[in-house]
Structure formats: C-alpha cells, structure tokens
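Just below is one structure, and these are the notes that go with it.
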Amino acid sequence: MSEKELQDLVQQRKKKLQAIVDLGFEAYPRKYDVTHSVPQILRENSALAAEELAARKISVRVAGRVMTIRPHGKAGFAHLAGGGQRLQVYVRLDAVGERDFELYRLLDLGDLIGVEGYLFRTKTGELTVHAEHLQFLAKALLPLPEKWHGLTDVEVRYRQRYLDLMVNEEVRTVFERRGLLVCAIRDFLEAEGYLEVETPMMQPLAGGAMARPFVTHHNTLDINLFLRIAPELYLKRLIVGGLDRVYEINRNFRNEGISTQHNPEFTMLEFYQAYADYHDMMDLTERLLRRAAQAVLGSVEFDYCGQRISFAKFERLTMKEAIVKFWPATAAPGPALDDLAEPEAVFRWVAAYDEWAKQPESGAEPLPREEGKAPGMALAELFEAVAERHLIQPTFIVDYPLEVSPLSKQKPEDPNFVERFELYVAGMEIANAFSELNDPGEQRDRFEYQQFLREKGDLTAHAIDEDYVRALCYGMPPTGGEGIGIDRLTMLLTNSRSIRDVILFPLLRPEKHGG
RNA sequence: GGGCCGGUAGCUCAAUGGUAGAGCACUGCCCUUUUAAGGCAGGGGUUCUGGGUUCGAGUCCCAGCCGGCUCACCA
10 MSEKELQDLV QQRKKKLQAI VDLGFEAYPR KYDVTHSVPQ ILRENSALAA EELAARKISV
70 RVAGRVMTIR PHGKAGFAHL AGGGQRLQVY VRLDAVGERD FELYRLLDLG DLIGVEGYLF
130 RTKTGELTVH AEHLQFLAKA LLPLPEKWHG LTDVEVRYRQ RYLDLMVNEE VRTVFERRGL
190 LVCAIRDFLE AEGYLEVETP MMQPLAGGAM ARPFVTHHNT LDINLFLRIA PELYLKRLIV
250 GGLDRVYEIN RNFRNEGIST QHNPEFTMLE FYQAYADYHD MMDLTERLLR RAAQAVLGSV
310 EFDYCGQRIS FAKFERLTMK EAIVKFWPAT AAPGPALDDL AEPEAVFRWV AAYDEWAKQP
370 ESGAEPLPRE EGKAPGMALA ELFEAVAERH LIQPTFIVDY PLEVSPLSKQ KPEDPNFVER
430 FELYVAGMEI ANAFSELNDP GEQRDRFEYQ QFLREKGDLT AHAIDEDYVR ALCYGMPPTG
490 GEGIGIDRLT MLLTNSRSIR DVILFPLLRP EKHGG
C-alpha cells in the first residue's frame, strides 16, 4: 500500500538522520545564529559584480530549507529557501572538510540547514554562498512535492497549507499582501483618529447582521452562547459610551453555505464614526481603499480575473437606478425610474423578470415567491438578480429598502428607504454601511418587525437586543458605520478567484484517518 | 442542500474492457562552477472505498467518501 511505500521513504530518511547524528551533528539543535536572511543577502548584494565580491569576501551565516541539490562528485550546489526567496550555496569538499561534506551528501530536499561562508558569483553569474561550514538544523522525514510542477491538488494545498507555502511561491505573496492590507487599514484609521477595540466573539445574542449563527456552550455558567455574526451592536455601545471613532478587525462566524465567496469564519473590518453619516462613510471608503491598494500594490488599478479594476473613480447608483440600468437586454422592456416609485409596483417587475428568467436561454432563475413578502425585500432581491454581477468597477449602491435594513436610519424624504450603501467591486459585495439608527423607539419597532419575520420562520431575522435599545435610550450621537470584508478585499488585491485562496486554513471536512 | 466535473507511485500526469507506465523525487555508482545539472543501474502501486456486470474492470453500472466548479442562502 502507499502507506508502506511512504514508510519506506520515511525509513530511508530516518536512517540518514541517524547517519547525520553519527557524524556528530545534533538531530534537532536549539538555534542557529544567522547574520543575514536570504532576501537580505540578495537585496544587499545583487548589484555587486564578481570581482567586487571576490575583493570584499563578504561573510554570511544564513539558514533555510534545501530546495534543490546538485552534487558533482567532490563538490555540489544547493538552493536554500528563506523569506520567500532562494539563495544558491556552493559546497566543496576542500572548503568545508570531510564531515560537513558528508552532511551535504546526506541532505534530502526539504531539510533545514545553516550555511556559513562568503559570497561570490558563479560562472553563470548567480550570487552564491561559498560554504565554509554547514550546520544541520532539522530533517524533512517526508518528501516534498515535485520541484517543477509544485503542488496543484487544491485539497492538499488547503489541508496542508505548509506544503503549499513551501513550494508555491505565489501563495506566500498572497498572504504577505493580506498582511500589508490589514496594516495599511490600521495605519489609515489610526491617522483618522480611530481607536482599535475588541468586542465579544461569544455573545448571548447573535446580532448586528442577518445570518444564522453557530452555537456553543459555557460549562460553568451553563449557558449557550453564539459565535458572533457581527460586532456591530457592541461597537455602537462604545459610541454611546463616548469612544467616538472605533474600529475592529476580527472574525465573524456565520452558519451558512460555503462557496468561492463564503467561508464560515471570515474577517471583517467594522468602523463607527460619531457625528458622521453614510455620505461621510462613502468618502472615507474611497480614501481608505485607494490608500490600501496603493500600499499593497503600489497602484490604485489592478487586474482581477481578466478585468481591469480602478479605485480611481467610484460610481454611485441608487438601488432603483441600478435595476433600471442593468435590466436584462433580452427581457421585455424594463421599468423606468418612475415605474418603481410606488412600493407595490416592484411586484409587477419581479413578475416581468421571472417571465424572462423562466426561459432556459436566460440562464437565470425566477426569484423566490412567498406570501406577503415585503416590497422592500422584493426590490432588494430584484436588484441582486438584475444588477449585482454587472457591478465590476467600484460602485456604491445607495438607498436600501427599510425592510432589509433593521439598524439604519430612514431617509427624511422617503421613510420607505434608509441611508445605507453597499460597495460592489467585480460583482462582489465588499462593504456595507449606513447612517446608524439612534432613535430607541424606532429601533424597538424595527426589532419587533424582525421578531415577526423570525416567528414566520426566517432564521436570519434579527433578534431583539434589549440592552442595545437601553444603550440607545442614553443617547447615541448621529453615527456613520461600515463593515468591509477583508477576505474579499484581499481577493481583489491578489487576483484570487476563491476566498479559500486568501484564507490560510479554509474550513474543509475533517480528513479521514487510517480508513 | 441541488446540478456538473474529478480522485492512478511521495509529487505532476499517461494508460480502446485485455501484463498499470513516464518525468521528478528516492536507492547505488561516476562526476570540484551547476541550476528542471548530467551519465549508468535499480526499488517503489489494495488505480479513493464497497458492491455489481464481465472470461477479464484503472476503464462500464450502483452506492458511499473527499474535493473542485456552479446554483441556492449569505458577506
């Protein structure tokens, strides 16, 4: 069986490890004092010519993972991987001595070693460490994936991310960019006067969004708790408490489906600014995203899945305008803006859309029908079906229906709509923001409507949070708030098609062991 | 959850229903500036699992497991 075969390979390598120990090397030494990292050596010396390197004889001590081995009798080469880059090492018997050369001959791909020596350029011009001493640091008992094709099996890549990171260099870049992105966001918000805070991940009520939660249990208190679906209601409590600009970057958990755009746990930036409204948040978002792209890519333009995306300009459309603009060309004529003025009118257009969607060549599906569906809900569904995938360049969709926005403030001139926007890029929802509802009486009414939906069977409807209403009763300043999906933003900035490619350990079914 | 696709050596991939193969990796030997190093010789398989059809199954059928894409739900 393959188990047995693998055991043979492991046995071979264990024998070599013993041979290395027999040479007097420690099997698992404690540390190695490096003077340089691999990228540092490459960076500092890439401009130096062979003669200059020979004259200066720069000494280095560097460590890394052996990625290639090319022995040539009494000499040989290897490439050491470290810090995402590779540095060549030249080992010759007369330079390192018999013991270290014997170690070189016992090395397997994947082993970790330290090399002490001086820099030079080979005949072919490659910057190389001329080894004078080798140190064994750790053994790879299991063989590395193939050096040329790398590791392509996506399942193994996700389950054994360490292997993916070792052999697929671009994977490291993705997560380095993700780190840069988060760093740039923090810098930006700090400069805007925001305070970073942390609020509960385990909550007695899962509020702040419409989603089904995970449940867990605390033994000592003997209570069920929900993993949070959003930090929103806690962050706004902090606004009530006088922390006028707060943000949190942390995980949310939603017990929903898994797709290329959804992982059950995902990272959200949420930020709240007192005395601001949703227009301020739009302006802030534009500046934030430009800054982030600049920090990560050095540009506000980038390619994503064959499209050129630019953060230089952000479109703004109302939800109704988007429906009018992107009404399917092959369907019967769609609504003009005035045709959507009356709330109930939307049902006529849903019917018209369904008529089109029923035709197989439309490639679409009719919208879900329910008795007594609120017009605002139907409008939002129609928008998603008609417009969402066409929103490639950054577009703020503004003015959401009241019924799908239990925490947002109404528009003064039209109480059926709220001061809310979502930002779409590449057909993906990236951000969601609104002027926060701070009228406790109105908030209670909204919660009660949600409760009504819940009792009708909508498990994603918002639960009533009495303490949150109480907090509002102490007075919350007018506030703008926003959430930005960090994973999706990372997808954009790394040209990743799947959210799993920007999450180090995406959720998969547990691996079966031992059969 | 539905639909479609996939699972063969450690890795990347072949193999009309008729003896399971290649490259890399691995083992042994040669080689003191190579770089997908090279040369010679070798070892390695419950073809995801379980049933079925067949003289004969990696290949066809059924069920299951795992994954990918997609739709639904959502962000």
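If you're matching positions, the first sequence starts at 10 in the working numbering and goes up one per residue.
All residues carry an ideal CB built from backbone N, CA and C; glycine is no exception.
Owing to the predicted nature of the structure, the values given are computational and were not obtained by experimental measurement.
Please determine, among 58, 178, 167, the residue with the shortest C-alpha to C-alpha distance to residue 133. 58
Assign residue 523 to one of two classes, buried (16 or more other C-beta atoms within 10 Å of its C-beta) or exposed (fewer than that). With a pLDDT of 38 at residue 523, under the threshold of 50, the predicted position of this residue should be treated as unreliable, though the coordinate-derived value follows. So residue 523 ends up on the exposed side.
Residue range of the unbroken alpha helix (DSSP H) whose run includes residue 503: Taken as a continuous stretch (DSSP letters only), the alpha helix (DSSP H) holding residue 503 covers 495 to 503.
According to DSSP, simplified to helix, strand and coil, what is residue 254? strand
Cutoff 6 angstroms; reference residue 534; Cβ partners in own chain excluding five residues on either side: The requested residue 534 does not occur in the structure, where the chain is confined to residues 10 to 524.
Indicate whether residue 405 and residue 431 have their beta-carbon atoms separated by less than 9 angstroms. yes
Return the chain-ordered list of same chain residues with a C-beta closer than 6 angstroms to the C-beta of residue 225, the five sequence neighbours on each side being excluded. 234
Outcome for residue 358 when other beta-carbon atoms lying within 10 angstroms are tallied against a minimum of 16: buried
By DSSP's criteria, residue 75 is part of a beta bridge. Which residues make up the other side? 89
Put residue 139 into one of helix, strand or coil per three-state DSSP. strand
So, under 8 angstroms CB-CB, residue 126 and residue 139 are touching, yes? Tell me the CB distance rounded to an integer number of Å. 5 angstroms
Got a sec, what are the start and stop residues for the beta strand (DSSP E) residue 311 sits in? 310 to 313
Does any heavy atom of the ligand FMN sit closer than 8 angstroms to the C-beta of residue 213? The ligand content of the structure shown is nil, which means the ligand FMN is not present either.
Looking at C-alpha atoms only, which residue of 19, 63, 76, 147 is the closest neighbour of residue 39? Between residue 39 and the set 19, 63, 76, 147, the nearest pair of CA atoms involves 147.
Beta-carbon separation (whole angstroms), residue 91 vs residue 281, contact threshold 8 angstroms: In fact, because the Cβ distance is near 42 angstroms, the residues do not count as touching under 8 angstroms.
From residue 319 to residue 402, what does the alpha carbon distance come to, in whole angstroms? 7 angstroms
Helix, strand or coil, according to DSSP, for residue 291 in the structure here? helix
Report all residues from its chain with a CB closer than 8 angstroms to the CB of residue 469; omit the five preceding and five following residues, and keep chain order. 219, 220, 221
Cβ contact (3+ pairs, closer than 8 angstroms) linking the region 176 to 188 and the region 209 to 219: no
By DSSP's criteria, residue 150 is part of a beta bridge. Which residues make up the other side? According to DSSP, which records beta bridges pairwise, residue 150 is partnered with nothing at all.
Could you tell me the alpha carbon to alpha carbon distance between residue 481 and residue 453, rounded to whole angstroms? 10 angstroms
Please return the same chain residues whose Cβ sits closer than 6 angstroms to the Cβ of residue 253, not counting the five positions on each side in sequence. Cβ neighbours of residue 253 within its own chain (closer than 6 angstroms, five residues either side excluded): 283.
I need the DSSP call for residue 161, collapsed to helix, strand or coil. coil
What's the C-alpha gap between residue 130 and residue 516? 46 angstroms
Is residue 83 closer than 9 angstroms to residue 102 when the C-beta atoms are compared? Yes; because the gap between Cβ atoms is below 9 angstroms, this pair is in contact.
Residues in the same chain with beta-carbon distance under 7 angstroms from residue 335, minus the five sequence neighbours each way, listed in chain order, please. 395, 396, 399
Outcome for residue 510 when other beta-carbon atoms lying within 10 angstroms are tallied against a minimum of 16: buried
From which residue to which residue does the alpha helix (DSSP H) around residue 230 run? Run containing residue 230: none; DSSP gives neither H nor E here.
For residue 291 versus residue 239, is the C-beta distance shorter than 9 angstroms? When the beta-carbon positions are compared, residue 291 and residue 239 stay at least 9 angstroms from each other.
Are residue 75 and residue 121 touching if we call contact CB-CB under 9 angstroms? yes
Rounded to whole angstroms, how far is the Cβ of residue 279 from the Cβ of residue 244, which I believe are closer than 8 angstroms? So it is a contact: roughly 6 angstroms between Cβ atoms.
DSSP three-state assignment for residue 32, whether helix, strand or coil: Three-state DSSP puts residue 32 in coil, outside helix and strand.
Quick one: using the 10 Å Cβ neighbour count with 16 as the cut-off for buried, is residue 165 buried or exposed? exposed
Below 9 angstroms between beta carbons: does that hold for residue 47 and residue 96? Yes; because the gap between Cβ atoms is below 9 angstroms, this pair is in contact.
In angstroms with no decimal places, state the Cα-to-Cα distance between residue 285 and residue 377. 37 angstroms
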